[in-house]
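Data block below; observations after.
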Amino acid sequence: GPFPSLPHFSEIGYQPNDVGVGCSDGRPGGDPKWNEILAKGVYPPPNIVNHEKTVWPVTYTVAVALAVWNKEDVCWKKIKIRNKNKPEYVIEATIVDFCPIGHCLWKDEYLARNVDIYGEKAWNALGADPNESKLQIEIEWPAGVVPHDAISGFSKTDKIITIIAKSLFFAIVTLYIF
211 GPFPSLPHFS
221 EIGYQPNDVG
231 VGCSDGRPGG
241 DPKWNEILAK
251 GVYPPPNIVN
261 HEKTVWPVTY
271 TVAVALAVWN
281 KEDVCWKKIK
291 IRNKNKPEYV
301 IEATIVDFCP
311 IGHCLWKDEY
321 LARNVDIYGE
331 KAWNALGADP
341 NESKLQIEIE
351 WPAGVVPHDA
361 ISGFSKTDKI
371 ITIIAKSLFF
381 AIVTLYIF
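All residue numbers for the sequence shown refer to my numbering, where the first residue is 211 and numbers rise by one.
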């Protein structure tokens, strides 16, 4: 999201008409839940090229991994995020978006425990170093919300197929030699 003090870290983020808000239902005039977030206030877009239309809510927002979270379970839910190394820094954020399947830079084993924190204001509120792109955090998830295991299941299947393929290759090579 927007990071005015370090423009090279900044992304254009959410745009008008709910563009970039994965939880939006795409309704003309905006999703009512997104409009509620915007009604609580927005910061002006950063003075950076191509950021002129950036929508930057005062409410802290995050994205979670679509590979392990069902939209129906997490959209518009609030989570508490605490800086693991500076536990006095805590924010409450609303889940509004997703890191897309196949394009998340997080390792499979971290997909269910990571969030993408939107914008410099949230980053600073967590006491994070503005020159870093990662922060060790602890997350308090909503009660009853559990990630599914899609990616882990595919990873295990892939490893089994690799082992079977290697064994089959050696069996064929052995038969050919003899």
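We treat Cβ as the ideally placed atom computed from N, Cα and C, and that holds for glycine.
Taking all protein chains shown into account, tyrosine 224 has 16 or more neighbouring C-beta atoms within 10 Å of its C-beta and is therefore buried. CA-CA distance, tryptophan 244 to lysine 296, rounds to 30 Å. Restricting attention to Pro255, Leu248, Val274, the CA atom closest to the CA of valine 355 is found in Val274. Counting along the chain, asparagine 341 sits inside no alpha helix (DSSP H), nor does DSSP assign it H or E at all. Here tyrosine 270 is buried, its C-beta having at least 16 other C-beta atoms within 10 Å. A direct Cα-to-Cα measurement between glutamate 342 and glutamate 330 gives close to 12 Å. Per DSSP, the unbroken alpha helix (DSSP H) holding glutamate 246 starts and ends at 242-249.
In this structure, the CA atom of serine 220 is about 17 Å from the CA atom of aspartate 307.
Per the DSSP secondary-structure output, cysteine 309 pairs in a beta bridge with Ala275. Judged by DSSP in its simplified three-state form, lysine 281 adopts helix.
Between the beta-carbon of tyrosine 299 and that of glycine 239 there is about 36 Å, and that puts the pair past the 8 Å contact cut.
Shortest Cα-Cα distance from glutamate 262 to any of Gly211, Glu282, Ile305 involves Gly211.
Residue state for tyrosine 328 is assigned as coil, using DSSP reduced to three classes. Looking at Pro310, Cys309, Asn334, Leu321, the one whose alpha-carbon comes closest to that of arginine 292 is Asn334. Of the residues Leu248, Asn324, Trp266, the one whose Cα lies closest to the Cα of proline 357 is Asn324. Assignment of beta-bridge partners to threonine 304 by DSSP yields Thr271, Lys288.
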